[in-house]
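There are 2 protein chains.
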Amino acid sequence: MEGVFGLKLSGNGVIVQSGGPTAVINNSICGVIWGWQKWAAGNGTLYGALYGIRGMLEDNLINLSALDQRTFNALGYTPGAALGSCRYKLTADEDYMELLQSFKKRNVRYLFVVGGNDSMDTADKVHRLARREKYEMRVIGVPKTIDNDLPFTDHCPGYGSAAKYLATTVLESGIDLETLITSNRIVILEAMGRNAGWLTAAAALARRGRGEAPHLLYLPEVPFNREQFLEEVEEVYRDRGYAYVVASEGLKDSSGRYVFAGSGKDSFGHARLGGLGDTLKGLVEENMGVKVRCLNLGTAQRASAHYLSRVDNEEAFLVGRQAVRLALSGHSGLMVTLVREETDYACRTGSIELDRVANVEKKMPLEWISPAGNDVTAAFLEYARPLIRGEVALPTREGLPDYTRLPGLARYRSRAAGECRPAV
Amino acid sequence: MEGVFGLKLSGNGVIVQSGGPTAVINNSICGVIWGWQKWAAGNGTLYGALYGIRGMLEDNLINLSALDQRTFNALGYTPGAALGSCRYKLTADEDYMELLQSFKKRNVRYLFVVGGNDSMDTADKVHRLARREKYEMRVIGVPKTIDNDLPFTDHCPGYGSAAKYLATTVLESGIDLETLITSNRIVILEAMGRNAGWLTAAAALARRGRGEAPHLLYLPEVPFNREQFLEEVEEVYRDRGYAYVVASEGLKDSSGRYVFAGSGKDSFGHARLGGLGDTLKGLVEENMGVKVRCLNLGTAQRASAHYLSRVDNEEAFLVGRQAVRLALSGHSGLMVTLVREETDYACRTGSIELDRVANVEKKMPLEWISPAGNDVTAAFLEYARPLIRGEVALPTREGLPDYTRLPGLARYRSRAAGECRPAV
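Chains as they are written, first to last, in our numbering: chain A, 1 to 424; chain B, 1001 to 1424.
In structure tokens:
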């Protein structure tokens, strides 16, 4: 079997999860485990580092080769970061040298980093350091982010499920808004997305007929104009008697300042304890005298495993498995990508150098945003529609999804908590 | 077939939906339609009044006897009020006399009101007026509310699905919180429930092991104490490094004032544009210096049909069907109830006089709230667990639930919008 791959390199493997979880991030772990067991079990043991790269530094590892089948299966649909994650950025050279020592100590020759832009930067630095120090090691990045902002990949695992959940919520609460006549018939939903509007854009998938919710979308790619926003909301409200607005948390004005800066004050100088949604709610209520309802799904957007996109879930597994193949073929310093086939919808995997992905954000192309700047185009919908296809029927226990937790995580948790340096 | 029922009364039937929708309210409509077609088709036509009792007054009716099978099936899992709903309360005697005229004009002898406490009051008044005016008519109430606050019924259709959705969200975002070490590790979720804490309490179903989310629950049945709240949050946070709080939007302090009054100021005098969740977020951030994340699922709580409780969905149909049986048996002035069987879980239907339900709110029994006032007891969990059992696999279209819309609703919508007097 090993014949299909490159030069054999004996040694152990480590998986690291990093940054905010997605609803399918753990199925990428499953993909790596599956690939390792099939093709690399003879090389050594596959470990999981607990709570990100810190787990490696502190030798807090669990043996993933020994995972029982039941836990493995449940892992494939469990939200959160099963290995634990951390917003922790290595900065000093000494940190990297220490990390390399920890790899040597455990004879780790394969590193799989499941993460976003920041994590790919870390992975790239490890890859370069190992090469410089002549420690043979293969480092492969596995993409994940609900923000869908990694470049060179058609889309990112995690985005499809977040998009499906958000669009479903807009569809359902949109019907609620449409069918109940009450005094607050303007809804503003704040969607995740600090710098890229991909998730907000996905709300448009909910709209199947003319006039259906969402009516207005505001993305960080388009500078936010307060007067224009108020005019647009008023127009929809006047026409229909109600309005459904979806806005990215990271909206910025024309000078590049966040509309809601998170400081407790918005960019208009008013004290706001809510978020962007509450800022817009305040604007509308003060100017239109209409009561507004604000929805903020928060972390549920990246944890909504009860309504997974099957396409997304399967692709998350695929990129994890492919990471093992690349490593076993002798590659290092690459991130797995998804490449869309020309006909119908299907994705195969590709790869890209880590340093071309590291710290780069892919925003929504401006041609996929409507000329008025408050909607998406048909081309975007065509791009996004296949990504939310299919469901995954989860096993349940007492009426709720039967998620799993990896052993060892809880024990380590209290030690890790509170010590963590926030990401830069 | 008609032999099993009481004296035959020829005439038409009308269904009215009223108040906030639930995820299963339309399956009660299906139950009425099913019962009517099976047992009463010979009596006359079954109509739906569009946008509540206003549709009757304005003769905006659709023929539900003529509904095609495909729409009927989709109706059973579509959220929102398929007939349209309105927070509109008849107050003047003339309104009721006018309403009676509209029934006479259409020879309506059967009225089915799907609603909560307010709606049962309206139904009761119609029942009494018809009797006083010697117009033979049978008025039956069909319970619905995610608030679960109707008396004399074990629980209310709509509650189980909202509870399942809320508990699932807390389970998923709780795992997210547990597994990601970051700088804001306190989550406050604001749950619907102005006066009764049933839905907030259901969040506890998410907790399967010690220390799992939710850690603290605040219900309107317990006077809110600011200092105690802060101490409790601090204690959980100190112990675990994170904390998950669920609080009812309708929390009141010991003098009975809402903690968040919706006026733009909280009861502490601070300007707040968010809701109760943001008020608590502000409290914690100001006092503990920790960043808090606030979740507000808003109307998604009553529209989450993509993750229905099968038990809830089936019971919603059951109470609708039973309403037809009661009416055909000669009853009037009753609301259908759910009666829990002693062994295992099953519910049969019962009934109660409308005037005993009208405007009465059933709160959480204090013995189901923990002595410390920040959690529920095992007895509550035992009560609630069967209500969220089972799933309903919805047909999808392009990756989203394939919901339906009744014909006629959109046409009428623009006229009804904006004219509606808000409920008293």
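Just so it is clear, CB atoms sit at the ideal spot from N, CA and C, and this is done for glycine as well.
These numbers were taken from a predicted model, which means no experiment stands behind them.
Interface residues of chain A facing residue i [CB-CB closer than 9 Å]
{"i": "B/Thr1436", "result": "Here chain B covers residues 1001 to 1424 and nothing more, so residue 1436 of chain B does not appear."}
{"i": "B/Thr1169", "result": "Leu297, Ala300, Ala303, Ser304, His306"}
Closer than 7 Å at the beta carbon, the chain B residues around residue i
{"i": "A/Leu308", "result": "Going along chain B, no residue has its Cβ under 7 Å from A/Leu308, so there is no contact; the nearest lies around 11 Å."}
{"i": "A/Pro151", "result": "The premise fails here: A/Pro151 is roughly 24 Å from chain B at the closest Cβ pair, so nothing lies under 7 Å."}
Counted within 10 angstroms of its Cβ, other Cβ atoms place residue i as buried (16 or more) or exposed
{"i": "A/Asn117", "result": "buried"}
{"i": "B/Leu1308", "result": "buried"}
{"i": "B/Glu1286", "result": "exposed"}
{"i": "B/Val1292", "result": "buried"}
{"i": "A/Leu205", "result": "buried"}
{"i": "A/Gln17", "result": "buried"}
{"i": "A/Thr168", "result": "buried"}
{"i": "A/Ser119", "result": "buried"}
{"i": "A/Val236", "result": "buried"}
{"i": "B/Leu1406", "result": "buried"}
{"i": "A/Lys8", "result": "exposed"}
{"i": "A/Val32", "result": "buried"}
{"i": "A/Ser183", "result": "exposed"}
{"i": "A/Leu505", "result": "Outside the displayed range of chain A (1 to 424) lies residue 505 of chain A, so it cannot be described from this structure."}
Listed by chain order, chain A residues near residue i by CB distance under 8 Å
{"i": "B/Ala1305", "result": "Glu172"}
{"i": "B/Cys1086", "result": "Leu180, Ile181, Thr182"}
{"i": "B/Tyr1051", "result": "Ile181"}
{"i": "B/Lys1164", "result": "Gly399, Leu400"}
{"i": "B/Pro1079", "result": "Glu172, Ile175, Asp176"}
Collapsed DSSP secondary structure at residue i in the structure displayed
{"i": "A/Met1", "result": "Because the pLDDT of A/Met1 is 41, which lies under 50, any placement of that residue in the model is unreliable, and the number read from its coordinates should be weighed accordingly. Here A/Met1 sits in coil by DSSP."}
{"i": "B/Cys1156", "result": "coil"}
{"i": "B/Pro1021", "result": "coil"}
{"i": "B/Arg1348", "result": "strand"}
{"i": "A/Glu190", "result": "strand"}
{"i": "A/Gly48", "result": "strand"}
{"i": "B/Asn1063", "result": "strand"}
{"i": "B/Gly1080", "result": "coil"}
{"i": "B/Pro1407", "result": "coil"}
{"i": "A/Met364", "result": "coil"}
{"i": "A/Ile181", "result": "strand"}
{"i": "B/Met1137", "result": "coil"}
{"i": "B/Pro1386", "result": "helix"}
{"i": "A/Ala243", "result": "strand"}
{"i": "B/Glu1221", "result": "coil"}
{"i": "A/Ser85", "result": "strand"}
{"i": "A/Lys164", "result": "helix"}
{"i": "A/Arg238", "result": "helix"}
Proximity winner among the options, relative to residue i (alpha-carbon distances)
{"i": "A/Leu354", "options": "A/Ala204, A/Arg106, A/Asp121", "result": "A/Asp121"}
{"i": "A/Pro223", "options": "A/Gly256, A/Gly211, A/Cys30", "result": "A/Gly256"}
{"i": "A/Arg106", "options": "A/Thr91, A/Ser183, A/Cys156, A/Gly11", "result": "A/Gly11"}
{"i": "B/Ala1201", "options": "B/Ala1379, B/Gly1298, B/Phe1112, B/Val1324", "result": "B/Ala1379"}
{"i": "B/Gly1042", "options": "B/Thr1404, B/Leu1409, B/Gly1013", "result": "B/Gly1013"}
{"i": "A/Glu133", "options": "A/Leu150, A/Met97, A/Cys156", "result": "A/Met97"}
{"i": "B/Val1126", "options": "B/Thr1091, B/Ser1028, B/Asn1225, B/Gly1160", "result": "B/Thr1091"}
{"i": "A/Thr404", "options": "A/Lys362, A/Tyr47, A/Ala305", "result": "A/Ala305"}
{"i": "B/Ala1300", "options": "B/Gly1282, B/Ala1191, B/Arg1325", "result": "B/Ala1191"}
{"i": "B/Gly1408", "options": "B/Val1336, B/Glu1221, B/Leu1067, B/Lys1008", "result": "B/Leu1067"}
{"i": "A/Ile451", "options": "B/Ala1346, B/Gly1298, B/Asp1147", "result": "Because residue 451 of chain A is not part of the residues shown, which for chain A are 1 to 424, the question remains open."}
{"i": "A/Ala358", "options": "A/Lys89, A/Leu400, A/Ala163", "result": "A/Lys89"}
{"i": "A/Met335", "options": "A/Thr343, A/Arg185, A/Leu7, A/Leu318", "result": "A/Leu318"}
{"i": "A/Val113", "options": "A/Cys86, A/Tyr135, A/Leu166", "result": "A/Cys86"}
{"i": "B/Gly1055", "options": "B/Ala1203, B/Thr1071, B/Leu1083", "result": "B/Leu1083"}
{"i": "A/Val108", "options": "A/Phe260, A/Gly209, A/Asp124, A/Ala130", "result": "A/Ala130"}
beta-carbon residue i near the ligand FMN non-hydrogen atom, thresh 6 Å
{"i": "B/Ser1018", "result": "Only the bare structure without any ligand can be found here, which leaves the ligand FMN out of the picture."}
Proximal residues of chain A, C-beta to C-beta of residue i below 7 Å
{"i": "B/Arg1226", "result": "Ordered by position in chain A, no residue passes the 7 Å Cβ test against B/Arg1226, which lies about 15 Å from the chain."}
Closer than 8 Å at the beta carbon, the chain B residues around residue i
{"i": "A/Ala82", "result": "Thr1179"}
Below 9 Å between beta carbons is the criterion; list the residues of the region 373-405 of chain A that meet it against any residue of chain B, in chain order. Arg385, Pro386, Leu387, Ile388, Arg389, Gly390, Glu391, Ala393, Leu394, Thr396, Arg397, Glu398, Gly399, Leu400, Pro401, Tyr403, Arg405
Which residues of the region 102-131 of chain A have a Cβ closer than 7 Å to any Cβ of chain B? Give them in chain order. none
By the 7 Å beta-carbon criterion, what residues does the region 1278-1290 of chain B contribute toward chain A? Asp1278, Lys1281, Gly1282
Using a Cβ cut-off of 9 Å, which residues of the region 7-38 of chain A contact any Cβ in chain B, in chain order? Gln17, Gly19, Gly20, Pro21, Ala23
Interfacial residues, the region 195-206 of chain A to chain B, with Cβ spacing under 9 Å: Leu205, Ala206
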